[in-house]
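Numbering (this note's numbering), first residue to last: 1 to 87.
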């Protein structure tokens with residue numbers, strides 16, 4: 001009787017250990033996929049940030065603003081003489 005209880009307990013403990021190892025592997029794989037997804041998202045966000053910084057620089061470039069003001073808005077540079085008359 002004692003021998004059959006020992007064998008049953010031995011087999012049961014080993015089955016539990018096998019299930020725990022499988023669970024650990026599944027958790028590791030899930031975390032690995034999550035890490036890869038987040039690394040890909042970080043790379044995409046860095047690329048988007050670079051594109052937005054380039055666009056911002058292009059929009060704030062002095063010559064571009066000057067060209068936009070003169071062509072699109074019809075503005076002209078003021079001379080010092082005009083500035084003094086306005087004040």
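Positions of the beta carbon are idealized from the N, C-alpha and C atoms, including for glycine.
Please read these numbers as outputs of a predicted model, since none were measured by experiment.
With residue i as the anchor, note down where its alpha helix (DSSP H) starts and where it stops.
i, result
"residue 8", "2–60"
Can you tell me which of the three DSSP states residue i falls into?
i, result
"residue 83", "helix"
"residue 72", "coil"
Kindly list the residues whose CB is nearer than 8 Å to the CB of residue i, restricted to its own chain and excluding five residues on each side of it in sequence; keep chain order.
i, result
"residue 64", "58"
State the Cα-Cα distance for the pair residue i and residue j, rounded to the nearest angstrom.
i, j, result
"residue 30", "residue 40", "16 Å"
"residue 71", "residue 79", "18 Å"
"residue 13", "residue 21", "12 Å"
"residue 16", "residue 55", "58 Å"
"residue 3", "residue 10", "10 Å"
"residue 87", "residue 38", "Residue placement at residue 87 cannot be trusted, given a pLDDT of 49 that sits under 50; what the coordinates show is reported in the next sentence. The alpha-carbon atoms of residue 87 and residue 38 are separated by roughly 58 Å."
"residue 32", "residue 45", "20 Å"
"residue 42", "residue 35", "10 Å"
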